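Some notes on the structure that comes next.
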Amino acid sequence: MSARQAALGLGALALLGFPQLAGAYALSLATLVLYLATTGQAWNLMMGFAGQLSLGHALYVGIGAYSAGALFFHFGIGPWIGVWVAIACSLSVALLLGGLAFRFGISGVYFALLTIAFAEFTRVAFDHSDWLGGPGGMFLEVGQRDHWDLVHFRGPPSLYYYAALGLALGTLGLCTWLSRGRAGYYWRAIREDEAAAQALGIDTFRWKLLAVLASSAISATSGVFLAFYQNNLFPEQVFHISRSIEILLGPVIGGVGTLLGPIFGSLLLTLLSDGATELLGALGWELPGTKQVLYGLALLCVVVFLPNGVWPALYQAWGRRRPRLPP
Amino acid sequence: MPVELILNVVLSGVLTGLVYGLMALGLSVIFGVVRVVNFAHGELMTLSMYGAVAMFQRFGLDPLLSLPALALCFFGLGYALQSLLIQRFVTRPEHSQFMLLLAVAVCLANAQLMLFGPDARNVSVDYQLDSLELGPLLIDVPRLYAGGAALCASLAMFAFFRHSRVGKAIRACADNYRGAQVVGLPIRRLYALTFGLGCACVAVAGCALTLLVDVTPALGPAYTLLGFVIVIVGGLGSMLGALLGGLLIGVSEALAGLLLTPSAKSMVSFGLLILVLLSRPQGLLGRRA
Chain A
1 MSARQAALGL GALALLGFPQ LAGAYALSLA TLVLYLATTG QAWNLMMGFA GQLSLGHALY
61 VGIGAYSAGA LFFHFGIGPW IGVWVAIACS LSVALLLGGL AFRFGISGVY FALLTIAFAE
121 FTRVAFDHSD WLGGPGGMFL EVGQRDHWDL VHFRGPPSLY YYAALGLALG TLGLCTWLSR
181 GRAGYYWRAI REDEAAAQAL GIDTFRWKLL AVLASSAISA TSGVFLAFYQ NNLFPEQVFH
241 ISRSIEILLG PVIGGVGTLL GPIFGSLLLT LLSDGATELL GALGWELPGT KQVLYGLALL
301 CVVVFLPNGV WPALYQAWGR RRPRLPP
Chain B
1001 MPVELILNVV LSGVLTGLVY GLMALGLSVI FGVVRVVNFA HGELMTLSMY GAVAMFQRFG
1061 LDPLLSLPAL ALCFFGLGYA LQSLLIQRFV TRPEHSQFML LLAVAVCLAN AQLMLFGPDA
1121 RNVSVDYQLD SLELGPLLID VPRLYAGGAA LCASLAMFAF FRHSRVGKAI RACADNYRGA
1181 QVVGLPIRRL YALTFGLGCA CVAVAGCALT LLVDVTPALG PAYTLLGFVI VIVGGLGSML
1241 GALLGGLLIG VSEALAGLLL TPSAKSMVSF GLLILVLLSR PQGLLGRRA
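In order, the protein sequences belong to chains A and B. Under the working numbering, the first residue of the first sequence carries the number 1, and numbering increases by one thereafter. Under the working numbering, the first residue of the second sequence carries the number 1001, and numbering increases by one thereafter.
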């Protein structure tokens, strides 16, 4: 289909050329969208595919960010080695959480609350760790900003944009591959009816655990990105429940269980939040909290009127009956 | 460490725990009947605390006196919330319900920020620093009143659910939804009533808590989490469990503040939550799902 190929090519060109065209602010917004798309995709892997609701996903992102950050801060070890350590740390936490939860048959609301408990427990524990900076935070040395230093992952904002783009596309590719393979079908079977899946001979414990592990590894990788992009880490911010909520808003708004939903949702939410700021700024309305109230109301409308998310609704409006599964 | 000190700390933990327990009772009743997890619980709690503070600052009314009016208002608020918004989400998947209540929570918390500003507010009643001496024990009077009010409200809830016809009908809905439909119970109205009652519990707990802590909009999520911890520890959906959980968390937090650093006290409650979830996921007094 040549029209489709042309559109894809044009899209790729726009994404690659974006840093040359856009200003610093738009670039930082785009980087944020891509970062949220990645974490959202990771969350969606667990909830949208395997049906395991996590309300504490900031845990994996934070563990990843802190592992790589601490290696760099204390030993000067760069992110290219740090990312593997981060993934390993995050995987072990995920193994502990998922293993315990699924072994003891915890599901539904209880599983969701367990993920909150783990994230909050970790937050308070990190708050009391002097080695990691405690509540005062951990600050990574900010390197030169004008040229690309790939070894230390330091450079101008466009470097981080391309890194986020790579992460988002890589995650999209990985999730597409996973969802079209054996894992995707097993996960959807578990999501729809766990007992039936078990009766068909699917080792639900193993596959659910695999979903948590894959999701945590992706989250940890984006956590490493976050650490080197922000250069400062506070437990109060990194592990806070509002971060976990930020992660899941994108996919829920975009469409749970779809591949493009998390990306679309992150874009929409970032635009919405930024648009509200602009609007209020233009009106000269500066009462704190107004923006968040607007944001909350918009969220409420989406949840009430588009229960399956915006992406499936758009897809329908464009004439196809419903998104093909997998996409 | 002297025994009197520990006893005093435990006692103050028990009194605070009664207030926590009442808040959690609201959450537990709502979950037990409507099967919706109220993620806006803490935000409702801070709203009622602001209500009490506003009444005090405007009319000089003691929070314990403005309590009945606030409870009535919150009952109406909860009734409206359930019948207008949440009812249509009852049959939707969990994450959808979660998003709805999250959106409500975001609106509530930030509306409070807009109305009252980010600074801590409190009431200064004239018995604020009084204390009762009872042998070796030293009891703060405001804490005693707060705990007493919470206990009375909890007992009223128990009596309502155990003995009144409406309370029995609500329990019937929770026990057997289809059976309740068959015998013709007005399920929607009973659900709205339950949500209203849950919110009234929150209002009473909020009024009592204004005697003990300063209120800021940022407290909302913390109380939501605290409510979850208590309810899970006690047993999601169990009324007595919520009260017991509240006492347990109140005492363990007070003791953790004494024995560890005060800032680590929430770690104790989350640790307790993880332990209970793994060893007895239905909670201490919950029934197996």
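Backbone N, C-alpha and C fix where the C-beta goes; we use that ideal spot for every residue, glycine too. Only a predicted model underlies this, so the values are computations on that prediction, with no experimental measurement involved.
{"Item": "Segments of 4+ residues assigned as alpha helix (DSSP H) that fall wholly inside the segment 1236 to 1289 of chain B", "Value": "1239 to 1259 and 1265 to 1279"}
{"Item": "Which listed residue (A:A220, A:S242, A:Q316 and A:E286) has its alpha carbon closest to that of B:M1099", "Value": "A:S242"}
{"Item": "Outcome for B:L1084 when other beta-carbon atoms lying within 10 angstroms are tallied against a minimum of 16", "Value": "exposed"}
{"Item": "Per-residue contacts from B:P1262 into chain A (C-beta, under 8 Å)", "Value": "Near B:P1262 there are no residues of chain A at all, since even the closest Cβ is about 12 Å away, more than 8 Å."}
{"Item": "Cut-off 7 Å between Cβ atoms - residues of its own chain near B:A1289, not counting five sequence neighbours on either side", "Value": "Its pLDDT being 46, under 50, B:A1289 is placed unreliably by the model, and nothing is read from it."}
{"Item": "Test: A:P327 CB closer than 8 Å to a CB of chain B", "Value": "At A:P327 the pLDDT is 45, less than 50, meaning the model places this residue with poor confidence and gives no usable figure here."}
{"Item": "Sub-8 Å separation of A:I116 and B:L1225 beta-carbons", "Value": "yes"}
{"Item": "Residue interval of the beta strand (DSSP E) (run including A:I190)", "Value": "It is not in any beta strand (DSSP E) - A:I190 instead sits in the alpha helix (DSSP H) that spans R182 to E192."}
{"Item": "Under the three-state DSSP convention, the category A:R154 falls into", "Value": "strand"}
{"Item": "Interface flag, A:P312 vs chain B, CB-CB below 8 Å", "Value": "no"}
{"Item": "Cut-off 7 Å between Cβ atoms - residues of its own chain near A:L150, not counting five sequence neighbours on either side", "Value": "none"}
{"Item": "Per-residue burial, A:I81 [other beta carbons within 10 Å of its own, 16 or more giving buried]", "Value": "exposed"}
{"Item": "Residue from B:Y1127, B:G1246, B:S1012 and B:A1218 whose Cα sits closest to the Cα of B:F1228", "Value": "B:G1246"}
{"Item": "Helix, strand or coil at A:F234 [DSSP, three-state]", "Value": "coil"}
{"Item": "Residues within the segment 1270 to 1282 of chain B neighbouring chain A, beta-carbon criterion of under 7 Å", "Value": "F1270, G1271, L1273, I1274, L1277, L1278 and P1281"}
{"Item": "Environment of A:M46 [buried if 16+ CB atoms lie within 10 Å]", "Value": "buried"}
{"Item": "Chain-order list of residues whose beta-carbon lies under 6 Å from that of B:V1276 (same chain, five-residue window excluded)", "Value": "V1233"}
{"Item": "Residue of A:G166, A:F264, A:F205 and A:A22 minimising C-alpha distance to A:S222", "Value": "A:G166"}
{"Item": "Short CB-CB distance (under 8 Å) between B:I1232 and chain D", "Value": "Structure shown: chain D not included; protein chains present are A and B."}
{"Item": "Residues that A:D127 contacts on chain B, provided the C-beta gap is smaller than 9 Å", "Value": "S1263, A1264 and M1267"}
{"Item": "Below-8 Å beta-carbon distance, B:L1100 vs any chain A residue", "Value": "yes"}
{"Item": "Own chain, CB closer than 8 Å to A:T277, minus 5 neighbours either side, in chain order", "Value": "K291"}
{"Item": "Cβ of B:N1110 within 8 Å of any chain A Cβ", "Value": "yes"}
{"Item": "Cross-chain neighbours of B:V1106 in chain A, by beta carbon under 8 Å", "Value": "Q292, V293, Y295, G296 and L299"}
{"Item": "Any 3 or more C-beta pairs closer than 8 Å across the segment 204 to 220 of chain A and the segment 99 to 108 of chain A", "Value": "yes"}
{"Item": "Any C-beta of chain B under 8 Å from that of A:A117", "Value": "yes"}
{"Item": "Whole-Å CB distance - A:V302 paired with A:V310, under 8 Å assumed", "Value": "7 Å"}
{"Item": "Distance CB(B:F1195)-CB(B:I1086) smaller than 8 Å", "Value": "yes"}
{"Item": "Spatially closest choice to B:L1027 from B:A1146, B:H1041, B:G1017 and B:T1016, by CA coordinates", "Value": "B:H1041"}
{"Item": "Per-residue burial, A:L13 [other beta carbons within 10 Å of its own, 16 or more giving buried]", "Value": "exposed"}
{"Item": "Cβ neighbour criterion (16 or more within 10 Å) applied to A:T171", "Value": "buried"}
{"Item": "CB contact check: A:G108 to chain B, cutoff 8 Å", "Value": "yes"}
{"Item": "Chain A contact residues for B:M1045, given Cβ-Cβ distances below 7 Å", "Value": "By Cβ distance, chain A contributes nothing, its closest Cβ being about 16 Å from B:M1045, past 7 Å."}
{"Item": "At least 3 beta-carbon pairs within less than 8 Å: the segment 152 to 165 of chain A vs the segment 254 to 269 of chain A", "Value": "no"}
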